[in-house]
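Chemist: Note that this note's numbering has the sequence shown beginning at 1, numbered continuously upward. In this text, a Cβ means the ideal position worked out from N, Cα and C, and glycines have one as well. Only a predicted model underlies this, so the values are computations on that prediction, with no experimental measurement involved. Okay, handing you the structure first.
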Amino acid sequence: MKVRLSYAVATLALLVWTGQVSAQLTGEDQQRAVSEEGAEAIGEDFNPGELDIDSGKALFTQEGPNGKSCASCHGDNGEDLEGAATSWPKVVDNVYPTGDSSGPDVVHKGEKQGEALNPAKAINGEGVRTLEMQINLCRINNMDAEPWQFSQANGTDMRHMVIYVKSLSNGQPLAIKTDGKAREYWKEGKKFYWMKRGQLNFSCGTCHVQNSGMRIRGQILSDVRGQYNKFPTFRMKQQQTRLMHTRYRGCNRRVRSHDLPFQAEQYRALEVYHGSLSNGRPLKVPGHSL
Numbered sequence: 001m002k003v004r005l006s007y008a009v010a011t012l013a014l015l016v017w018t019g020q021v022s023a024q025l026t027g028e029d030q031q032r033a034v035s036e037e038g039a040e041a042i043g044e045d046f047n048p049g050e051l052d053i054d055s056g057k058a059l060f061t062q063e064g065p066n067g068k069s070c071a072s073c074h075g076d077n078g079e080d081l082e083g084a085a086t087s088w089p090k091v092v093d094n095v096y097p098t099g100d101s102s103g104p105d106v107v108h109k110g111e112k113q114g115e116a117l118n119p120a121k122a123i124n125g126e127g128v129r130t131l132e133m134q135i136n137l138c139r140i141n142n143m144d145a146e147p148w149q150f151s152q153a154n155g156t157d158m159r160h161m162v163i164y165v166k167s168l169s170n171g172q173p174l175a176i177k178t179d180g181k182a183r184e185y186w187k188e189g190k191k192f193y194w195m196k197r198g199q200l201n202f203s204c205g206t207c208h209v210q211n212s213g214m215r216i217r218g219q220i221l222s223d224v225r226g227q228y229n230k231f232p233t234f235r236m237k238q239q240q241t242r243l244m245h246t247r248y249r250g251c252n253r254r255v256r257s258h259d260l261p262f263q264a265e266q267y268r269a270l271e272v273y274h275g276s277l278s279n280g281r282p283l284k285v286p287g288h289s290l
């Protein structure tokens, strides 16, 4: 109840502040106000997504069935994880060894923001492991706990934990590996990024490289560089923090293409490529965007 009240107060304050500001803006300033740069400037003063850091920290110290928590290995304040989030996602020899080969590949099938890979089912062999997958593996193997859902709709605990863990590396430069074994998956992600799809025949790069800075609907298209290092991000439109794969799925739908489940193989490869384009930029999680 307290968290909901905090969100309500935060939202009201934001609406009042932006209303006062927009009334004073003209010309170029108005354009900036509907850009990612403008949204980020608002977030510097007030970012409701930071409440999710506190929720994530509470989960970090929550014990599993065997009495262990994330803090048992990584310190009460996650001090052992400072800088760790800068290198995710990673290519590993065994992607997601949960020890369980039963059950469906996809859960919540057909649910708009819930369709995702089964968080309990193993994915064997080399491939891309995301931070979300690593968190679940720690829960399964070290805490004897159930894995969290990967999706936006059903994975609130996962989202808050990812935000907390990434926030521990805020200010440190992103350094996703793109050489060695990772190169193959980087290339797959690049191919997906530039592949035109859907009824609009757009690629990711159509908006965020070739037309970045241009207006689409009521917004200014952001540049691809500097996107990934701010995810998960608080989106003013939804008044909620959003996962990177939520954004991927949303973009697919907006070009009238079929989206894929959360943590789908293609999205994980895309994350390697897309994330690497912001290498060297400091992590700033949660971000604050339109």
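By the three-class DSSP mapping on this structure, what secondary structure does H288 have?
Modeler: strand
Chemist: Quick one: is N47 buried, meaning 16 or more other Cβ sit within 10 Å of its Cβ, or exposed?
Modeler: Label assigned to N47: buried.
Chemist: Using C-beta distances below 6 Å, list every residue in its chain close to T178, excluding the 5 sequence neighbours before and after it, in chain order.
Modeler: W186 and S276
Chemist: Can you have a look at C73 and say buried or exposed, based on whether 16 or more other CB atoms are within 10 angstroms of its CB?
Modeler: By the neighbour-count criterion, in which a residue is buried when 16 or more other Cβ atoms sit within 10 angstroms of its Cβ, C73 is exposed.
Chemist: Going by DSSP, what residue range makes up the alpha helix (DSSP H) through Q134?
Modeler: From DSSP, the alpha helix (DSSP H) with Q134 extends over L131 to M143.
Chemist: Should N154 go down as buried or exposed, given a rule of 16 or more other Cβ atoms within 10 Å for buried?
Modeler: buried
Chemist: Output the distance between the C-alpha atoms of E44 and P286, rounded to the nearest integer angstrom.
Modeler: Note on geometry: alpha-carbon atoms of E44 and P286 lie some 11 Å from one another.
Chemist: Run through DSSP, which three-state label would F262 get?
Modeler: strand
Chemist: What's the C-alpha gap between R268 and R256?
Modeler: 21 Å
Chemist: Could you give the first and the last residue of the continuous alpha helix (DSSP H) run that contains T61?
Modeler: No alpha helix (DSSP H) holds T61; DSSP gives it neither H nor E.
Chemist: Just curious, the alpha helix (DSSP H) that K68 is in, first and last residue?
Modeler: Note, K68: premise wrong, no alpha helix (DSSP H); not H, not E.
Chemist: Look up G127 in the DSSP assignment and give the residues it is bridged to.
Modeler: V92
Chemist: Rounded to the nearest angstrom, how far is the Cβ of T61 from that of D76, given a contact under 8 Å?
Modeler: 7 Å
Chemist: Spatial neighbours of R225 within its chain, please: C-beta separation below 8 Å, excluding the five flanking residues on both sides.
Modeler: Correct list, in chain order: L277, S278 and R281.
Chemist: At the level of alpha carbons, what is the spacing between A58 and L200?
Modeler: Distance from the CA of A58 to the CA of L200, rounded to the nearest whole angstrom, comes to 43 Å.
Chemist: How about G49 and H160: are their beta carbons less than 7 Å apart?
Modeler: no
Chemist: Report back the beta-carbon spacing between Q172 and L283 to the nearest angstrom; my notes put them in contact at under 8 Å.
Modeler: At roughly 6 Å, the Cβ-Cβ gap stays under 8 Å, so Q172 and L283 are in contact.
Chemist: Quick check on the DSSP output: the beta strand (DSSP E) that includes F234 runs from which residue to which?
Modeler: Here the beta strand (DSSP E) through F234 covers T233 to R235.
Chemist: Please classify W88 as buried or exposed, where buried requires at least 16 neighbouring CB atoms within 10 angstroms.
Modeler: Counting C-beta atoms within 10 angstroms of its own C-beta, W88 has 16 or more neighbours from the protein chains shown and is therefore classed as buried.
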